[in-house]
Structures are given as C-alpha cells and as structure tokens.
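Each remark here refers to the structure printed beneath this line.
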Amino acid sequence: MLEVRDLSKSFRGLKAVNGLGFRVEKGTIGALIGPNGAGKTTVFNLITGALRADAGQVLLDGREITGLRPDQACHAGIGRTFQVARPLAELSVEDNVIVGALRATGSVAEARRTARQVLDLLDFGREAAKPAHELTLPDRKRLEVAKALATGPRILLLDEVMAGLRPTETDRMVATFRRLNQETGLTILLIEHVMRAVMALSQSVTVINHGTLIASGTPETVVRDPAVLECYLGQEEDEAAHA
Amino acid sequence: MNAAPPHGPGLAGLPRRALVALAVFVAALVAAPGLVDDYILSVLILGLYFALVGQAWNVMTGFCGQLSLGHALYIGLGAYTAGALFVRFEISPWIGLPVAMVVAGLAGALIGFLSFRFGIRGVYFALLTIAFAEFTRILFDHWGWVGGSSGLYLPVTERTQVDLWSLRGPLWMFYYVILAAVGLAFLICRRLLNAKIGYYWLAIREDQEAAQAMGIDILRYKVLAVAVSAMMTAFGGVFYAFYYNQFYPETIFNIDKSIEILLGVIVGGIGTLFGPILGAFALAGIGEVLIWFQDLVGVRGLKLLTYGVVLMIIILAKPDGLWPWLRPLLGLGRRDRA
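These protein sequences, in sequence, are chains A and B. Residues in the first sequence are numbered from 161 upward in steps of one, following the numbering used here. Residues in the second sequence are numbered from 56 upward in steps of one, following the numbering used here.
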C-alpha cells in the first residue's frame with residue numbers, strides 16, 4: 161500500500177530523516193513512533209509533499225508519489241491531519257468538511273451529503289453548524305480527522321490526533337479508527353505518543369530515532385526490543401523516575 | 056407541506072423580515088430617479104459605483120484573502136480599453152466592455168500568477184499590487200495613442216438624448232446601468248460563493264496549508280480570484296470612463312482610487328455578500344451629511360477631517376463591519392453565507 165524507500169531529508173546539514181524505509185499494508189493500521197524530535201512529522205511532510213525529499217521514494221499502491229505537491233498527493237489518495245489542528249476557523253464544522261469532500265466532486269450538494277456521512281461516522285453531527293473556532297481541543301482534533309476523511313483518502317495519515325485528549329476521549333477515538341478500519345478497510349498510518357492507543361490500534365509499528373529506523377514489527381515485539389527500550393521507552397521510564 | 060409558515064423562510068430561504076427589507080431596498084432604488092433630484096441621483100450613482108467595485112475587490116480580498124491595494128489598475132485598464140476603442144474606432148462600450156474585462160482579467164491573472172508562483176503572500180503581495188498599478192500609470196503617462204499624461208476625453212453629447220448603445224445620455228440612464236451592474240455583480244458573487252470555487256476561496260483565506268492538504272490547487276484558485284475580481288472591477292472602470300467622459304493616468308491609476316474601493320467594503324463587512332453594497336451606501340450617505348455639516352459650520356476641509364473620524368469610529372465600534380451586525384436584526388443567521 162504505502163511504501164517509503166530510503167527517504168532522506170536534511171535541514172542545514174542536520175539529518176532529520178536518514179535513509180528511512182518502511183511500509184504499511186493495505187487495510188491495516190500502522191504506527192510511526194519515536195521520541196520527540198525523532199523526525200516523525202518530517203516523515204509525514206515528506207509523504208504528503210509539504211516538504212521535498214533530498215533522496216528516496218514514496219510509493220502509494222506501487223505508484224511513485226515522491227515530489228508531488230500536497231494537493232496532488234491528496235488527489236493521489238493521501239489524507240492527512242496536522243499535529244497542531246488547522247481548522248478553517250471562520251467556517252462552520254460542516255463547511256470545513258464540505259471543502260474536503262469537494263476533492264472528489266464539483267457539486268456542493270453532493271459534497272454536503274458526503275460531509276454529513278463523515279460527520280455522522282465520527283459522531284460529530286450535532287456540532288455541524290458550529291463555527292470551527294469555537295470548538296474544544298478534542299473536537300478540533302476530530303475536525304482534523306473529518307476534513308481528511310472527507311477527501312476520500314486511500315490512506316489516512318494521523319499526526320498525534322490523540323495528544324492532549326483525556327483517556328475516555330482517547331478510547332473513543334481508538335474505537336472510531338478501529339471501526340473505520342474494519343468497516344471501510346481504510347488504511348491508516350498514525351504518529352502517536354499515547355502508547356495505549358498505539359498498542360490498541362496498530363498491527364505494525366515503526367520506531368525511529370534521529371530520523372533512522374530503530375525497529376519495526378508488531379506492537380508486542382517492538383515494545384520488547386532492547387533498542388527501542390533504550391531510545392524511547394527507556395527515556396520515558398527515566399522521566400517517570402525523576403517525576 | 057410545501058407552504059412556508061407565516062414567519063418561516065420564504066423565497067430563496069430568506070426570513071420574511073429580510074425579504075421585506077430587501078424588497079423595500081430594491082423598490083426604492085428602482086424608483087429613485089423619479090423621486091429625487093439630479094444631485095441626489097449623482098450621489099446614488101457614486102454609491103452604486105463603489106458598491107460595484109467594492110464587490111469586485113471583495114471577491115479577491117474578502118473571499119480568497121489576498122489583499123489588493125492596487126485595484127485602480129483594473130479600473131484604469133477597463134476605462135482605457137473601452138474608452139480608447141470608443142474614441143479611436145467608435146466601438147460601442149458594450150463591445151468594449153467584454154474586451155476591457157478580458158484585458159483586466161488577463162492582467163490580474165498575470166500579476167497573480169507571477170506573485171503566487173513565487174510564494175509572495177500577505178503584505179508583500181499587497182505591495183506588489185500597488186507596484187503594478189504604479190508601473191501602469193507611468194506607462195500610460197507616456198503612451199501618446201491614449202492621450203499620454205493629458206488623458207483621454209470622450210465626446211460629450213446632448214445629455215437629454217438617450218443613446219444606450221454608446222452610453223451617452225442623461226443621469227438616469229447611467230443610474231440604471233450601474234444599478235443593473237450592481238445587481239448582476241451581487242448575483243454573480245452569491246453564485247460563486249455557494250459553488251465549489253467559493254468554498255475553495257474561503258478555505259484558502261482561512262489556511263493555505265490546510266486547504267492544500269485537502270486537495271486544493273491553491274495557485275490556480277488564487278489566480279482565478281484575482282482574474283474574476285479584476286474583470287468585475289473593469290466593469291466599474293468602463294462605467295467610470297463613460298460617466299465622467301475624461302480621465303488621466305495620474306488620477307485613474309492613483310492609489311487613492313485603490314483605497315476608496317476598499318473603504319466601503321471594510322465598513323460594510325469584508326468577506327460578506329451584502330457588506331460591500333451596504334458599506335458603499337453608508338459612506339456615500341455619511342459623505343453627504345458631512346458636506347451639509349461643513350456648509351452649516353462654514354469651515355472648509357471639515358468634511359475630510361470628520362470623514363476620517365467617523366470611519367475610525369465605525370471601524371472601532373464594528374470591526375467586522377456593519378452588515379454582520381445588521382444581519383441578525385433582519386432575522387438572518389449570524390453566520391449565514393450572505
């Protein structure tokens with residue numbers, strides 16, 4: 161489905177992503193994890209075309225999408241959310257989602273129908289008329305997902321959509337994504353710090369640090385990997401010990 | 056169950072109160088030439104002219120979020136294209152109008168493309184729009200075929216004879232032409248805003264990166280916004296040429312012209328459909344009251360001073376404009392696409 165090959169990106173000599181490769185199989189949920197500054201969001205920006213890769217390839221269903229602009233990547237089938245939510249603030253929730261749905265149609269009426277379906281799917285219908293700038297943080301995150309989902313993506317890239325949510329809200333999001341994945345077969349790649357979400361959702365986990373691959377595999381094997389424990393989970397245990 | 060309840064939404068989904076207000080407003084405008092003297096009519100013509108170009112400017116800046124401070128360029132191009140075709144070849148302004156709109160549209164598209172292609176945004180883009188208007192002013196200053204710096208003069212004929220084909224005639228003829236143009240522009244803006252292109256423009260205005268991630272080719276839609284805005288503005292330019300019969304590069308391409316276009320929109324409500332029209336009339340009305348006040352007090356220059364103060368008070372009191380404040384009073388939703 162999504163395959164990243166030998167991807168590299170430097171910022172002023174600093175290698176943010178270095179020869180990274182991984183894949184997400186069709187119909188599965190993959191996770192991209194790593195400590196802060198590991199280069200996860202940079203990887204997303206390279207996949208979606210927000211940044212231009214120095215080297216390497218991104219393939220979607222075998223088709224190369226490297227170097228496409230973000231709007232072209234979206235038309236190719238990549239839907240993304242932003243780590244810091246980017247709602248169209250003055251527009252209503254529904255209009256936000258309609259903009260996404262217009263990706264696949266020229267008709268606003270048809271886009272509105274798609275938008276309503278997406279809002280219902282995310283249990284978001286009641287907020288449809290609300291201006292986006294009045295939303296609470298969890299709802300902003302939900303709107304990010306709704307906007308991306310409305311474009312009808314083949315793969316959905318979620319950048320920390322559960323950060324800052326309370327455990328019950330996280331569980332609801334997890335349930336939503338699992339349902340989406342199971343009912344529509346949507347492929348998902350998520351960046352997440354909330355480990356309970358990663359463990360609950362993903363079938364495959366890619367761990368990176370300093371832009372390079374540390375480990376990959378099922379969540380169960382990855383969390384037992386000594387290299388991962390050292391660079392990522394180990395660090396968190398240290399923090400926990402200091403706290 | 057098709058009949059609308061007595062106080063529910065009526066025609067086109069408008070609440071009854073708004074519908075009545077709209078009907079009264081339109082009826083008053085249509086009847087005006089029979090009711091008021093030529094002086095008031097000329098004030099109304101000026102108000103309608105600003106309602107037209109304000110709506111045009113609003114497409115680009117209010118809907119799509121691209122600040123233009125150089126819309127005098129499109130007024131000038133419109134005026135010069137149709138004016139020169141008329142003076143030089145006796146071509147009717149109704150033929151000159153589409154030509155003028157194409158010329159202005161292409162100029163807008165070119166400026167938009169050059170700027171947006173290289174990622175020029177915000178105030179830097181606004182500065183470029185001023186620069187292009189200034190270049191063009193200097194160009195026309197030295198272009199003898201259209202009169203150079205001494206400007207272009209249209210032959211003035213007897214003002215009682217109605218010659219609609221050549222746009223020569225009495226005040227009321229000009230009044231109805233500009234009134235029709237304002238109505239048409241309103242319908243076009245409404246149509247655009249509720250279509251895919253309108254949603255895309257608003258998305259770009261709100262957040263370009265988010266818009267792009269949702270599949271919007273932002274360069275294309277921004278260039279389209281400038282082109283559409285320029286074409287509508289050129290209509291105002293053609294009207295200006297035939298109404299005033301004379302214009303010079305120095306005045307028509309001047310930044311003053313660009314600024315007066317946007318004042319009404321800011322006062323009326325930027326990004327709204329009806330705001331530019333309301334704002335234009337509000338400013339025309341305020342201007343007249345202040346002239347009366349100036350004559351009453353007998354101090355020359357008082358009008359401009361008080362005009363500035365009144366503008367500041369309105370903008371401070373209603374930063375979103377008069378229309379977003381008036382809208383709920385008419386029974387329209389606070390955030391309706393109107």
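The beta-carbon is built from N, C-alpha and C at its ideal position, and this holds for glycine as well.
| query | result |
| --- | --- |
| With DSSP collapsed to three states, give me the class of residue 165 of chain B. | helix |
| Can you give me the C-alpha to C-alpha distance between residue 394 of chain B and residue 307 of chain B, rounded to a whole angstrom? | What is shown of chain B runs 56 to 393, which leaves residue 394 of chain B out entirely. |
| Only counting the same chain, and skipping five residues up and downstream in sequence, which positions put a Cβ closer than 6 Å to that of residue 111 of chain B? | 284, 287, 288 |
| Should residue 94 of chain B be labelled buried (16 or more other beta-carbon atoms within 10 Å of its own) or exposed? | exposed |
| Grouping DSSP H, G and I as helix and E and B as strand, with all else coil, what is residue 264 of chain A? | coil |
| Taking just the CA atoms, how far does residue 175 of chain B sit from residue 312 of chain B? | 24 Å |
| Quick check on this structure: which residue in B:310, B:254, B:136 has the alpha carbon closest to the alpha carbon of residue 262 of chain A? | B:254 |
| Compile a chain-ordered list of the residues in the stretch 300-329 of chain A whose CB is closer than 7 Å to at least one CB of chain B. | 307, 311 |
| Going by C-alpha distance, which of A:303, A:189, A:169 is nearest residue 342 of chain A? | A:189 |
| Who pairs with residue 366 of chain A in a beta bridge, going by DSSP? | A:192, A:376 |
| By the 10 Å Cβ neighbour count, where 16 or more other Cβ atoms means buried, how is residue 299 of chain B classified, buried or exposed? | exposed |
| For residue 286 of chain A, return the contacting residues in chain B, with the cut-off set at a CB-CB distance below 9 Å. | Near residue 286 of chain A there are no residues of chain B at all, since even the closest Cβ is about 17 Å away, more than 9 Å. |
| Residues in its own chain within less than 8 Å of residue 252 of chain A by CB, not counting five upstream and five downstream? | 288, 289, 290, 291, 292 |
| For residue 135 of chain A, I'd like the list of residues in its chain whose CB is within less than 6 Å of its CB, leaving aside the five on either flank, ordered along the chain. | No information on residue 135 of chain A is available, as it lies outside the stretch 161 to 403 that chain A covers here. |
| Using a Cβ cut-off of 9 Å (strictly closer), state whether residue 249 of chain A contacts chain B. | yes |
| Please determine if the stretch 341-356 of chain B and the stretch 148-163 of chain B are in contact, where contact requires at least 3 C-beta pairs separated by less than 8 Å. | no |
| Could you check where the beta strand (DSSP E) with residue 182 of chain A kicks off and where it finishes? | 174-184 |
| So, at 6 Å on beta carbons, what are the nonlocal neighbours of residue 302 of chain A in its own chain, with the 5 sequence-adjacent residues on each side left out? | 282, 284 |
| Please identify, using Cβ separations under 8 Å, the residues of the stretch 266-299 of chain B that lie next to chain A, in order along the chain. | 266, 267, 268, 269, 270, 271, 272, 273 |
| Would you mind giving the Cβ-Cβ distance between residue 87 of chain B and residue 96 of chain B, rounded to the nearest angstrom? I have them listed as a contact below 8 Å. | 7 Å |
| Based on the DSSP output, what are the partners of residue 302 of chain B in its beta bridges? | B:207 |
| Please report the distance separating the alpha-carbon of residue 239 of chain A from that of residue 184 of chain A. | 15 Å |
| Using CA atoms only, rank isn't needed, just tell me which of A:365, A:315, A:305, A:312 is closest to residue 322 of chain A. | A:305 |
| Measuring only between beta-carbons, confirm whether residue 373 of chain B sits less than 9 Å from chain A. | no |
| Are the C-beta atoms of residue 351 of chain A and some chain B residue less than 9 Å apart? | no |
| Am I right that residue 213 of chain A and residue 226 of chain A are in contact with their C-beta atoms under 8 Å? What's the rounded C-beta distance? | 6 Å |
| With a threshold of 16 other CB atoms inside 10 Å of the CB of residue 261 of chain B, please say whether the residue is buried or exposed. | buried |
| For residue 373 of chain A and residue 350 of chain A, which I take to be in contact (beta-carbon distance under 8 Å), what is that distance rounded to the nearest angstrom? | Contact flag wrong, Cβ pair sits at about 17 Å. |
| Per DSSP, residue 218 of chain A forms a beta bridge with which residues? | A:164 |
| Could you say which of B:355, B:268, B:118, B:367 lies nearest to residue 309 of chain A if we only look at CA atoms? | B:268 |
| On the three-state DSSP scale, how would you describe residue 224 of chain A? | strand |
| Please report how far the alpha carbon of residue 297 of chain A lies from the alpha carbon of residue 324 of chain A, in whole angstroms. | 8 Å |
| Within the stretch 247-318 of chain B, note down every full beta strand (DSSP E) run reaching 3 residues or more, in order along the chain. | none |
| When you check each C-beta in the stretch 261-285 of chain A against every C-beta of chain B, which residues fall closer than 7 Å? | 262, 263, 266, 268 |
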